[in-house]
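Structure record follows, encoded as structure tokens.
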Amino acid sequence: MMDAPGSYRINIAIDGPAGAGKSTVARLVADALQYVYVDTGAMYRAVTLMALEAGLSPEDGEAIGRLAQRLHIELIPGPDGQRVLVDGRDVTDRLRTHEVSRTVARVAGIGSVRKRMAELQRAMAEGKGVVMDGRDIGTHVLPDAELKVFLTASPRERALRRYRQLGEGAGVSLEQLEREMAERDRLDEGREIAPLLRAPDARFLDTTGMGIDEVVARIVEWSREAARTFSEKEK
Ligand code: CDP
Numbered sequence: 535m536m537d538a539p540g541s542y543r544i545n546i547a548i549d550g551p552a553g554a555g556k557s558t559v560a561r562l563v564a565d566a567l568q569y570v571y572v573d574t575g576a577m578y579r580a581v582t583l584m585a586l587e588a589g590l591s592p593e594d595g596e597a598i599g600r601l602a603q604r605l606h607i608e609l610i611p612g613p614d615g616q617r618v619l620v621d622g623r624d625v626t627d628r629l630r631t632h633e634v635s636r637t638v639a640r641v642a643g644i645g646s647v648r649k650r651m652a653e654l655q656r657a658m659a660e661g662k663g664v665v666m667d668g669r670d671i672g673t674h675v676l677p678d679a680e681l682k683v684f685l686t687a688s689p690r691e692r693a694l695r696r697y698r699q700l701g702e703g704a705g706v707s708l709e710q711l712e713r714e715m716a717e718r719d720r721l722d723e724g725r726e727i728a729p730l731l732r733a734p735d736a737r738f739l740d741t742t743g744m745g746i747d748e749v750v751a752r753i754v755e756w757s758r759e760a761a762r763t764f765s766e767k768e769k
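Shown next as structure tokens:
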């Protein structure tokens with residue numbers, strides 16, 4: 535394991551489009567620094583799953599907003615990654631189905647849902663020492679995060695990574711995935727509230743052709759620098 539960056543703890547925001555490798559990288563960076571990893575996409579996916587289960591239309595913003603308000607969402611770090619509990623029930627294994635992936639960007643466009651998720655996310659980051667990944671973390675949820683990273687890769691490479699992750703048996707072709715991811719990016723970038731956007735003070739990292747270890751090492755290095763800079767400032 536890599537050594538921790540001294541005792542000064544910072545918050546790290548990692549944003550970027552679908553399939554850029556955010557969740558894998560964010561989890562490994564959190565492990566290396568002994569920080570807590572918060573996967574905000576999983577929270578939007580959990581709301582989407584519950585809305586689908588309740589038979590709500592993704593267009594019914596009011597009903598989904600009310601649902602999001604009353605759901606109790608918990609992220610529990612564990613040896614096999616983060617588990618997601620909704621009202622005490624473990625829904626982790628159902629969050630990445632094709633149906634949820636196809637619907638989530640529309641649910642994430644609902645203002646009341648975003649407001650609620652951002653409140654929960656800020657509360658999780660209050661004590662510092664958090665690596666949070668999503669679309670609007672550096673710009674909106676944690677604008678004061680000491681390190682912000684915008685992670686991306688070429689559309690083809692992002693679709694390929696997701697294709698390998700789902701496995702060939704998933705019944706979705708590479709071309710279909712690439713189309714659906716492009717559509718999700720379009721919705722995420724085009725929405726009015728907290729769109730996917732690179733924060734002006736975010737470090738940009740194009741991971742096309744880079745290995746995971748290399749990406750993680752780069753971000754851990756940046757984290758150490760940021761922790762040093764901010765701890766100096768406080769002296
Ligand atoms: O893993 P992948 O990048 O495909 O997606 P995710 O991180 O699980 O996020 C799924 C969807 O949730 C995104 O396409 C966004 O529509 C939404 N989302 C968001 O709007 N804001 C966030 N902070 C995180 C996710």
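This note's numbering applies: residue 535 is where the sequence shown begins, and numbers increase by one. Each residue gets a CB set at the ideal place from its N, CA and C atoms; glycine is no exception. All values reported here derive from a predicted model rather than from experimental measurement.
Three-state secondary structure (DSSP) at residue i?
{"i": "Met666", "result": "strand"}
{"i": "Arg617", "result": "strand"}
{"i": "Lys769", "result": "coil"}
{"i": "Ala751", "result": "helix"}
{"i": "Ala547", "result": "strand"}
{"i": "Arg737", "result": "strand"}
{"i": "Ser757", "result": "helix"}
{"i": "Arg762", "result": "helix"}
Suppose you measure from the CA of residue i to the CA of residue j; what does that come to, to the nearest Å?
{"i": "Ser646", "j": "Glu593", "result": "13 Å"}
{"i": "Gly622", "j": "Arg650", "result": "18 Å"}
{"i": "Met535", "j": "Arg718", "result": "With a pLDDT of 45 at Met535, under the threshold of 50, the modelled position of this residue cannot be trusted, and the question is left open."}
{"i": "Arg758", "j": "Gly589", "result": "46 Å"}
{"i": "Val620", "j": "Glu633", "result": "18 Å"}
{"i": "Arg763", "j": "Ile746", "result": "The sequence shown places Thr at residue 763, not Arg. In a straight line, the C-alpha of Thr763 is about 26 Å away from that of Ile746."}
{"i": "Ala538", "j": "Asp678", "result": "Its pLDDT being 49, under 50, Ala538 is placed unreliably in this model, and the coordinates cannot settle the point."}
{"i": "Ala716", "j": "Pro689", "result": "8 Å"}
{"i": "Val706", "j": "Ile607", "result": "29 Å"}
{"i": "Ile544", "j": "Ala585", "result": "34 Å"}
{"i": "Asp614", "j": "Gln655", "result": "22 Å"}
{"i": "Ile610", "j": "Leu601", "result": "21 Å"}
Determine whether the beta carbon atoms of residue i and residue j lie at a separation below 7 Å.
{"i": "Gly553", "j": "Arg696", "result": "yes"}
{"i": "Thr741", "j": "Gly555", "result": "yes"}
{"i": "Asp624", "j": "Arg617", "result": "yes"}
{"i": "Glu680", "j": "Ala760", "result": "yes"}
{"i": "Val572", "j": "Val749", "result": "no"}
Would you check if there are 3 or more beta carbon pairs closer than 8 Å linking the region 672 to 687 to the region 725 to 742? yes
Ignoring anything shorter than 3 residues, give me the beta strand (DSSP E) runs that lie fully in the region 679 to 730, in order along the chain. 681 to 686
Entirely enclosed alpha helix (DSSP H) segments - the region 616 to 659, minimum 4 residues: 632 to 641 and 645 to 659
What runs of the alpha helix (DSSP H), each 4 residues or longer, lie entirely inside the region 553 to 621? 556 to 567, 574 to 587 and 595 to 604
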